[in-house]
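Student: Numbering (this note's numbering), first residue to last: 39 to 394.
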Ligand code: PLP
Ligand code: COI
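1) Is the beta carbon of residue 340 within less than 7 Å of some heavy atom of the ligand COI?
2) Return helix, strand or coil for residue 44, following the three-state DSSP convention.
3) Please report the Cβ distance between residue 219 and residue 353, rounded to the nearest whole angstrom; I am assuming they are in contact, meaning their Cβ atoms lie under 8 Å.
4) Using only CA atoms, which one of 290, 334 and 144 lies nearest to residue 348?
5) Using alpha carbons as the reference points, say which of 367, 211 and 315 lies closest to residue 170.
6) Could you give the distance in angstroms between the alpha-carbon of residue 390 and the alpha-carbon of residue 126?
7) At what residues does the beta strand (DSSP E) containing residue 315 begin and finish?
8) Would you check whether the ligand COI has a heavy atom nearer than 7 Å to the C-beta of residue 311?
9) Within 10 Å of its beta-carbon, does residue 133 have 16 or more other beta-carbons around it, so buried, or fewer, so exposed?
10) Grab me the residues of residue 307's own chain with a C-beta within less than 6 Å of its C-beta, minus the 5 sequence neighbours each way, in chain order.
11) So residue 67 packs on residue 200, CB below 8 Å; how close in whole Å?
12) Count the other CB atoms within 10 Å of the CB of residue 357; is the residue buried (16 or more) or exposed (fewer)?
13) Just the Cα atoms here: how many angstroms apart are residue 45 and residue 51?
14) Quick check: the Cα distance between residue 140 and residue 233, rounded to an integer number of angstroms?
15) Assign residue 214 to buried or exposed, taking buried as 16 or more other Cβ atoms, counted over all protein chains shown, within 10 Å of its Cβ.
16) Could you check which residue in 292, 192, 269 and 273 has the C-alpha nearest to that of residue 319?
17) So for residue 290, helix, strand or coil by DSSP?
18) To the nearest angstrom, how far is the alpha carbon of residue 303 from that of residue 272?
19) Whose C-alpha, out of 111, 278 and 252, is nearest the C-alpha of residue 368?
20) I think residue 208 touches residue 71, with their Cβ atoms under 8 Å apart; what is that distance to the nearest whole Å?
21) Determine the DSSP secondary structure at residue 320, reduced to helix, strand or coil.
22) Could you tell me whether the Cβ atoms of residue 228 and residue 292 are closer together than 8 Å?
Structure follows, in structure tokens:
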């Protein structure tokens with residue numbers, strides 16, 4: 039599909055950030071955005087790149103009432119030699135369409151998803167930061183805009199992409215976070231929407247996150263929604279536990295997000311000689327193994343979170359420090375290897391990097 043590029047008037051050009059170390063996460067946005075519309079009977083129409091600006095939405099539109107919405111998250115990197123690279127964007131395209139199917143939204147052709155992102159990032163390349171730990175976060179989103187109060191799938195959607203220059207997701211940067219194991223609220227159940235990247239999952243997680251913050255924790259670790267025993271994932275990342283040379287993570291059973299970083303970590307860890315084990319693990323086992331020292335490290339993985347060391351877990355008011363509470367060797371190695379591939383300092387033997 040042809041993508042029209044609309045002019046960017048002088049008044050739509052923003053002041054660029056001056057200090058790359060102060061970006062934070064998702065607070066500033068670039069000058070332009072990509073948008074295409076889907077209309078029942080017509081399919082995808084009017085793909086365009088236009089100045090970044092607020093939408094005018096009918097107060098009755100479906101996304102505002104029944105949360106028919108999905109999104110993705112990926113990053114573009116500026117290498118030392120000036121190359122611009124995306125990390126596994128076709129995986130995001132595929133996952134976006136799995137989410138779309140679950141929430142009864144139209145499929146976005148992979149070609150439209152990728153070319154919209156690529157064209158936009160090329161135009162906005164001057165916004166990509168290049169210091170260590172920074173990147174351009176890409177947020178593809180689809181919302182239902184039909185104004186009607188009956189509960190039904192919309193007949194009109196916006197698929198749009200916005201860009202945000204970012205630093206670390208957690209304020210502490212690459213430093214161990216403290217996670218509270220959630221035993222009151224649940225995030226997802228089999229048959230629910232846990233595997234889809236849809237706003238409702240995040241809305242329903244806010245209360246648990248807030249209560250954990252009040253107690254001094256960074257995020258919560260969700261347990262399975264039925265037996266409330268098995269570890270699932272953290273608010274914005276998949277979770278790994280290392281037993282020496284073996285790393286354990288929850289299996290993809292439909293209630294956690296199929297993380298692209300998770301998938302990359304499993305490949306990297308195998309490649310580095312570690313055994314990877316996707317298995318259901320009881321929280322009681324995890325705590326016993328932390329106490330006994332057989333769990334040597336823990337970390338989370340995600341596009342925003344990259345590889346985040348986890349220094350301690352707290353369950354029912356028992357605080358369990360993991361290892362020495364610092365950054366473990368494996369965590370550091372995975373962080374260095376993954377970010378090295380993403381930023382071009384380590385050769386990409388996996389074919390993950392897409393240069394623009
Ligand atoms: N789990 C949840 C709930 C997330 O929001 C994210 C972030 O996208 C992840 C896991 C990690 O997924 P990915 O590595 O694809 O970013
Ligand atoms: C991402 O890592 O891309 C995410 O979507 C996490 C987000 C909720 C900040």
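Glycine residues also receive a C-beta, built at the ideal position from the N, C-alpha and C atoms.
Tutor: Taking the coordinates as given:
1) yes
2) coil
3) 4 Å
4) 334
5) 211
6) 5 Å
7) 313-316
8) no
9) buried
10) 285 and 314
11) 6 Å
12) exposed
13) 11 Å
14) 9 Å
15) buried
16) 269
17) coil
18) 16 Å
19) 278
20) Not really, about 26 Å apart at Cβ, beyond 8 Å.
21) strand
22) yes
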